[in-house]
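There are 2 protein chains.
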Amino acid sequence: MLIIGENISITSKIVGDSIRNRDAEPIVKMARAQKEAGAHYVDVNIGPATKNGEELMQWVVKTIQSEVDVPLALDTKNMSAIEAGLEVHKGTAMINSVTGDQDKLDILMPMVKKYKTKIVGIALSEKGVPPDVDSRIEVIMNIVNSAMEIGVPLSDLYLDPIVLPVAVLQQQVFNCIEGLKAFKQLKDLMGLPEEPKTIVGLSNVSQSSPPQLKSLLNRTYLAILLSHGLDSAIFDPLDRELMNVVKTFDILTNRILYAHSYLEK
Amino acid sequence: MLIIGENISITSKIVGDSIRNRDAEPIVKMARAQKEAGAHYVDVNIGPATKNGEELMQWVVKTIQSEVDVPLALDTKNMSAIEAGLEVHKGTAMINSVTGDQDKLDILMPMVKKYKTKIVGIALSEKGVPPDVDSRIEVIMNIVNSAMEIGVPLSDLYLDPIVLPVAVLQQQVFNCIEGLKAFKQLKDLMGLPEEPKTIVGLSNVSQSSPPQLKSLLNRTYLAILLSHGLDSAIFDPLDRELMNVVKTFDILTNRILYAHSYLEK
Chain A
2 MLIIGENISI TSKIVGDSIR NRDAEPIVKM ARAQKEAGAH YVDVNIGPAT KNGEELMQWV
62 VKTIQSEVDV PLALDTKNMS AIEAGLEVHK GTAMINSVTG DQDKLDILMP MVKKYKTKIV
122 GIALSEKGVP PDVDSRIEVI MNIVNSAMEI GVPLSDLYLD PIVLPVAVLQ QQVFNCIEGL
182 KAFKQLKDLM GLPEEPKTIV GLSNVSQSSP PQLKSLLNRT YLAILLSHGL DSAIFDPLDR
242 ELMNVVKTFD ILTNRILYAH SYLEK
Chain B
2 MLIIGENISI TSKIVGDSIR NRDAEPIVKM ARAQKEAGAH YVDVNIGPAT KNGEELMQWV
62 VKTIQSEVDV PLALDTKNMS AIEAGLEVHK GTAMINSVTG DQDKLDILMP MVKKYKTKIV
122 GIALSEKGVP PDVDSRIEVI MNIVNSAMEI GVPLSDLYLD PIVLPVAVLQ QQVFNCIEGL
182 KAFKQLKDLM GLPEEPKTIV GLSNVSQSSP PQLKSLLNRT YLAILLSHGL DSAIFDPLDR
242 ELMNVVKTFD ILTNRILYAH SYLEK
């Protein structure tokens with residue numbers, strides 16, 4: 002599975018200070034630690050970034066990539082900050098994320114094509130989180146269509162059925178599993194060349210749950226979602242027990258050859 | 002899910018001594034602990050029991066049930082010991098297990114009907130473990146047919162796709178997942194009134210793996226199998242982390258209402 006490290010987010014004080022003060026060390030350290038723990042991408046969430054967003058994103062991208070050889074998932078609602086980041090990004094970037102809103106699709110999909118990036122398409126419309134599985138499928142079909150029309154390869158699109166906190170919206174957590182299964186079936190429904198890829202923001206599931214439950218909820222949910230074909234997730238790769246589940250899943254489903262030492266790889 | 006505690010097995014020295022010396026306390030204690038930890042059934046594996054098997058099984062059944070109110074899964078290849086156990090068993094017993102061999106089916110299925118028990122039907126033929134998923138399905142179809150013919154309710158039959166050690170036969174561990182999915186599809190294939198129930202002997206998966214991997218392998222495999230519709234499993238209910246996965250699975254799939262204290266129930 003494609004693992005995207007979630008730890009560089011402006012919502013954390015360390016990251017916020019680091020970015021505001023243009024202090025490279027903390028975010029470089031976090032990027033390196035996540036890569037070493039097994040992340041294939043490192044998410045950089047710079048928040049709404051309404052002021053100087055372009056310069057800010059470029060600084061973050063250049064700062065991390067000058068020290069750590071890792072591709073980044075650019076995470077902000079400021080679309081011109083995304084493009085500024087792409088201009089200086091080395092390797093295949095990821096855009097996190099686009100909703101089903103047509104005006105956003107019209108701006109971001111051409112960017113995906115131009116810069117040959119990956120993109121997360123999230124089952125969210127201008128009205129918010131769709132209440133049921135069918136409305137999520139509708140939003141996602143619009144995103145897939147938009148990608149196809151402009152010639153973005155399906156393999157660069159990651160569909161997100163939206164994970165919500167089980168402590169607050171338990172039914173929605175189940176809907177997300179059903180959504181994931183349904184997204185995989187879009188291959189037949191839409192006549193796609195292959196099954197679309199899927200992604201989740203895993204730790205949302207344990208938001209608002211007590212600290213001692215978080216890792217257990219995250220890793221059990223991950224095993225369930227992987228069983229239903231999840232291809233990628235955004236989570237904390239420094240959670241050793243979570244990474245152990247990823248490795249053990251690959252062992253049990255015969256994707257990686259078993260060795261007594263498989264956890265150490 | 003239906004949880005069957007695996008701990009009373011003659012392969013353990015404490016249990017072996019307890020049974021040989023007709024020393025009630027150890028096995029009564031183990032039965033009680035497993036029930037309190039959440040087991041719905043307690044498996045009693047008395048081995049081949051070629052000598053005095055009938056008397057032995059009756060002693061075990063009466064000894065446990067006189068102290069602990071829990072139904073038992075009678076586990077031995079000695080079929081007259083099984084019947085002797087059923088004669089004195091209170092409540093709905095389970096027979097663990099019957100293979101696809103016709104001579105065994107001809108003896109055990111009438112017993113299931115007469116004593117109104119549950120039974121585990123295991124995808125094993127006289128030739129041993131079937132090498133591929135298709136041969137497992139063939140064996141299982143024969144077991145299902147045998148139950149149907151004699152009038153054993155499908156809901157009393159638990160189909161076991163055979164879990165084998167990942168350290169030795171990794172491909173077979175994957176085949177077991179595929180087998181489980183296929184058994185569920187027998188509803189359509191055989192025109193059954195409902196999906197057949199499934200069961201596994203979970204800890205087989207981690208046999209021959211180092212101690213520090215066992216619980217991780219067991220609980221990750223359990224989450225995968227539950228995701229594919231597993232209804233029951235034989236395992237150690239005293240493994241707290243394993244039981245936490247069972248409870249968390251039920252929370253995430255909306256079967257039990259979430260509360261911050263759900264693990265304590």
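Residue numbers (my numbering), protein chains in the order written: chain A, 2 to 266; chain B, 2 to 266.
Just so it is clear, CB atoms sit at the ideal spot from N, CA and C, and this is done for glycine as well.
Since the model is a prediction, treat every value here as computed from it, not as a measurement.
Legend entry - Nearest neighbour of residue 16/B, chosen from 31/B, 2/B, 249/B [CA to CA]: 31/B
Inset, instruction - Report yes or no: do the stretch 5-25 of chain B and the stretch 250-262 of chain A share at least 3 C-beta pairs separated by less than 8 Å? - result: no
Legend entry - Short Cβ contact (8 Å threshold) for residue 234/B with residue 203/B: yes
Inset, instruction - Please list the partners that residue 146/B has in chain A, where partner means a Cβ-to-Cβ separation under 8 Å. - result: Under the 8 Å cutoff, chain A gives no residues; its nearest Cβ is about 30 Å from residue 146/B.
Legend entry - Reduced DSSP category for residue 199/B - H, G, I as helix; E, B as strand; rest coil: strand
Legend entry - Element boundaries [alpha helix (DSSP H), containing residue 80/B]: 80-89
Legend entry - Cα-Cα separation between residue 106/B and residue 225/A, rounded to whole angstroms: 35 Å
Legend entry - Enclosing alpha helix (DSSP H) for residue 19/A [first to last residue]: 14-21
Legend entry - Contact residues within the stretch 195-212 of chain B, judged by C-beta distance below 8 Å to chain A: 206, 210, 211
Inset, instruction - May I ask you to list the residues that DSSP assigns as paired with residue 42/B? - result: 5/B
Inset, instruction - Please work out which residues of its chain come closer than 6 Å, Cβ to Cβ, to residue 230/B, disregarding the five sequence neighbours upstream and downstream, and give them in chain order. - result: 185
Inset, instruction - Closer than 7 Å by beta-carbon distance: list the chain A residues that pair up with residue 172/B, in chain order. - result: 255
Legend entry - Spatial distance of residue 152/B from residue 200/B (CA atoms): 21 Å
Inset, instruction - Quick one: using the 10 Å Cβ neighbour count with 16 as the cut-off for buried, is residue 172/B buried or exposed? - result: exposed
Inset, instruction - Answer with buried or exposed for residue 90/B, where buried requires no fewer than 16 other C-beta atoms within 10 angstroms of its C-beta. - result: buried
Inset, instruction - List the residues of chain B that residue 4/A touches, going by C-beta distances under 9 Å, in chain order. - result: What residue 4/A touches in chain B: nothing, since even the nearest Cβ is about 16 Å away.
Inset, instruction - Check each residue of the stretch 15-28 of chain A: if its Cβ is closer than 7 Å to any Cβ of chain B, include it; give the result in chain order. - result: none
Legend entry - Same chain only: Cβ atoms within 7 Å of residue 55/A, ignoring 5 sequence neighbours per side: 81, 82, 85
Inset, instruction - Could you confirm whether any beta carbon from chain A is found closer than 8 Å to the beta carbon of residue 116/B? - result: no
Legend entry - Proximal residues of chain B, C-beta to C-beta of residue 221/A below 7 Å: 224, 246, 249, 250, 253
Inset, instruction - Return the chain-ordered list of same chain residues with a C-beta closer than 8 Å to the C-beta of residue 288/B, the five sequence neighbours on each side being excluded. - result: The requested residue 288/B does not occur in the structure, where chain B is confined to residues 2 to 266.
Legend entry - Proximity below 8 Å, CB of residue 191/B to CB of residue 39/B: no
Inset, instruction - Count the other C-beta atoms from every protein chain shown that fall within 10 angstroms of the C-beta of residue 49/B, then say buried if there are 16 or more, exposed otherwise. - result: exposed
Inset, instruction - Note down, in chain order, each residue of its chain lying with its Cβ closer than 7 Å to the Cβ of residue 97/B, except the 5 sequence neighbours on either side. - result: 44, 74, 75, 76, 121
Inset, instruction - State the Cα-Cα distance for the pair residue 1/B and residue 160/B, rounded to the nearest angstrom. - result: For chain B, the structure presents residues 2 to 266; residue 1/B sits outside this window and is missing.
Legend entry - Min CB distance residue 229/B to chain A below 8 Å: yes
Inset, instruction - Could you check the C-alpha separation between residue 57/A and residue 112/A for me, to the nearest Å? - result: 19 Å
Inset, instruction - Please state whether DSSP places residue 259/B in a helix, a strand or coil. - result: coil
Inset, instruction - Enumerate, from N- to C-terminal direction, the unbroken alpha helix (DSSP H) stretches of 4 or more residues contained entirely within the stretch 151-233 of chain A. - result: 171-185, 187-191, 212-228
Legend entry - Candidates 148/A, 169/A, 181/A, of which the one nearest residue 162/A by Cα: 181/A
Inset, instruction - Mind reading off the beta-carbon distance from residue 206/A to residue 166/A? Whole number of angstroms is fine, and I expect it under 8 Å. - result: 7 Å
Inset, instruction - Return the residues of the stretch 151-176 of chain B that lie within a Cβ-Cβ distance of less than 7 Å from chain A, sorted by chain order. - result: 167, 168, 171, 172, 174, 175
Inset, instruction - Taking all protein chains shown into account, decide if residue 169/A is buried (16 or more other Cβ within 10 angstroms of its Cβ) or exposed. - result: exposed
Inset, instruction - Just tell me which of 116/A, 42/A, 150/A has its CA closest to the CA of residue 103/A. - result: 150/A
Legend entry - Endpoints, the beta strand (DSSP E) within which residue 126/B is located: Per DSSP, residue 126/B belongs to no beta strand (DSSP E) and is neither H nor E.
Legend entry - Check whether residue 65/A and residue 28/A have beta carbons under 8 Å apart: yes
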